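First the structure, in the form of C-alpha cells, and then the observations on it.
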C-alpha cells in the first residue's frame with residue numbers, strides 16, 4: 005500500500021451500524037477495510053470508531069447519543085463520518101453541540117438505507133442528507149438519488165484491498181466446474197431460486213452436474229482461493245448497490261454472469277467472459293459459453309478502471325473530500 009503525506013492531520017470519528025463483531029466477524033467488513041486502508045495511506049490520521057451493533061432499536065440508536073457525545077468531547081474530531089443512513093439517528097440528537105464545535109458531517113449511503121422500503125431508515129437517511137456537509141454514494145444509482153438532496157455529493161464505491169490482491173496473487177489458479185453464488189441463500193433479495201433454475205438449465209444443456217459454492221462467512225483469503233478455483237460467479241440479485249463481490253471477482257480473473265443490477269454493468273463493461281441479462285435462458289447460455297471456452301478467465305491487466313476500484317484510490321478520493329470540507 006502506497007503511503008502518502010497527508011498534508012494535514014485529520015481526526016475522524018466513524019459512526020456505523022456496519023462493522024465486524026466477535027459473533028459476526030464479516031459484517032460490514034468493507035467499512036473496516038476502508039478505515040484500515042485510509043490509515044495505511046495517511047498514517048498520521050486519528051480515527052476512532054463508535055459501533056452501533058448491539059441491542060435493540062432503543063439501545064442501539066437512541067441511547068447511543070450519550071456515548072456519541074462523550075466520544076466527541078474526548079476525541080475532539082474534525083469530522084463525524086457516518087456509514088449507513090440509519091446510523092445518523094444518535095447524531096441528530098446532539099446536532100447543537102456538533103454545530104457549535106464546527107464538526108463536519110459526512111454520510112456514506114450503502115444501498116437499502118436510501119433505496120429500500122424501511123420507513124424509519126428512509127426518514128433518518130433524508131434527515132442525514134439535509135444535515136450533512138457532504139454525502140457519499142457507493143453506487144451510481146445511490147449517487148443519483150442523494151445528489152437530489154445535497155449539493156456536495158460524491159460517488160465513492162467500497163474498494164478492493166491490497167491484502168485481497170495479495171491473496172489472489174499467491175493463490176493456485178486451478179479452475180474447476182464450480183459456480184459461485186455470492187451470498188447466503190437466506191437473503192431474499194439475492195434470489196437463490198432463480199440461481200438454482202439457471203444452474204438446472206445449464207446442467208441439462210451440458211449433461212453433467214456442476215458444483216455450487218455458497219459464498220457465506222468466508223475470510224478474504226478463502227474468497228480469493230474460491231474465486232481462483234471456480235469457473236464463474238452467477239449473480240441473480242433483484243437489486244444491488246456496487247457489489248464488492250463483483251470487484252473482487254474481476255481482480256481474481258473470475259468471469260461474472262449477472263442480472264442487470266446496480267453498478268454491475270459499469271464494473272464489467274468491456275471485459276471478456278462477463279455477461280449481463282435479466283433473461284434466465286440467456287444467463288444459462290452465457291455460462292455454457294464460459295464452460296466451453298478455452299479461456300475461462302477475465303483478462304488480466306491493471307486498467308484505469310481496475311485501479312479506481314482499489315482502496316488505495318478510494319481513500320485518496322475520500323481524503324480530498326475531508327480536505328475540501330476543512331477549507332470550505
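Numbering (my numbering), first residue to last: 5 to 332. We put the CB at the ideal spot given by N, CA and C, even for glycine. Everything numeric in this text was worked out from a predicted model, so none of it was measured.
- In the DSSP assignment, residue 87 falls within the unbroken beta strand (DSSP E) covering 83–87.
- C-alpha of residue 175 to C-alpha of residue 225: approximately 9 Å in a straight line.
- Contact between residue 237 and residue 199 fails: their C-beta atoms lie close to 11 Å from each other, not under 8 Å.
- Around residue 53, the same chain offers 18 as residues with beta carbons nearer than 6 Å, after the five sequence neighbours per side are excluded.
- Of the residues 75, 233, 86 and 28, the one whose Cα lies closest to the Cα of residue 129 is 86.
- Residue 316 counts as buried, since at least 16 other C-beta atoms from the protein chains shown sit within 10 angstroms of its C-beta.
- Between residue 328 and residue 159, the alpha-carbon positions lie close to 15 Å from each other.
- For residue 78, the three-state secondary structure derived from DSSP is helix.
- Ranked by Cα distance from residue 147, the options 126, 137, 132 and 115 are led by 115.
- In the structure shown, residue 114 adopts coil according to DSSP, grouped into three states.
- Comparing alpha carbon positions, the residue from 242, 177 and 64 closest to residue 193 is 242.
- Secondary structure at residue 241: coil, using DSSP grouped into helix, strand and coil.
- Look at residue 236 here: in three-state DSSP terms it is strand.
- By the Cβ-count criterion, residue 77 is exposed, with fewer than 16 other Cβ atoms from all chains shown falling within 10 Å of its own Cβ.
- For residue 185, there is no enclosing alpha helix (DSSP H); the enclosing beta strand (DSSP E) has its first and last residue at 182–185.
- Judged by their CB atoms, residue 214 and residue 183 are nearer to each other than the 7 Å cut-off.
- With fewer than three CB-CB distances shorter than 8 Å, the region 55–74 does not count as touching the region 104–112.
- Between residue 295 and residue 202, the gap from beta carbon to beta carbon reaches 7 Å or more.
- In this structure residue 155 is exposed. Its beta-carbon is surrounded by fewer than 16 other beta-carbon atoms within 10 angstroms.
- Note: residue 262 is bridge-paired with 239 and 280 in the DSSP secondary-structure output.
- Taking all protein chains in view, the Cβ of residue 252 is crowded by 16 or more other Cβ atoms within 10 Å, so the residue is classified as buried.
- The C-alpha of residue 332 is placed about 42 Å away from the C-alpha of residue 221.
- For residue 55, the beta-bridge partners assigned by DSSP are 20.
- Across the set 127, 172 and 135, the C-alpha of 172 shows the shortest separation from the C-alpha of residue 258.
- Pairing residue 35 with residue 248, the inter-Cα distance amounts to about 11 Å.
- If only complete runs of 3 or more residues are kept, the region 174–227 shows the beta strand (DSSP E) at 182–185 and 215–218, in order along the chain.
- Closest in C-alpha terms to residue 322, from the list 256, 111 and 56, comes 111.
- Secondary structure at residue 275: coil, using DSSP grouped into helix, strand and coil.
- Distance from the CA atom of residue 138 to the CA atom of residue 325, rounded to whole angstroms, is 8 Å.
- Around the beta carbon of residue 62, a 10 Å sphere encloses fewer than 16 other beta carbons of the protein chains shown; the residue is thus reported as exposed.
- In the DSSP annotation of this structure, the continuous segment of the alpha helix (DSSP H) that includes residue 253 starts and ends at 248–255.
- Counting the other CB atoms within 10 Å of its CB gives residue 177 a total below 16, which places it among the exposed residues.
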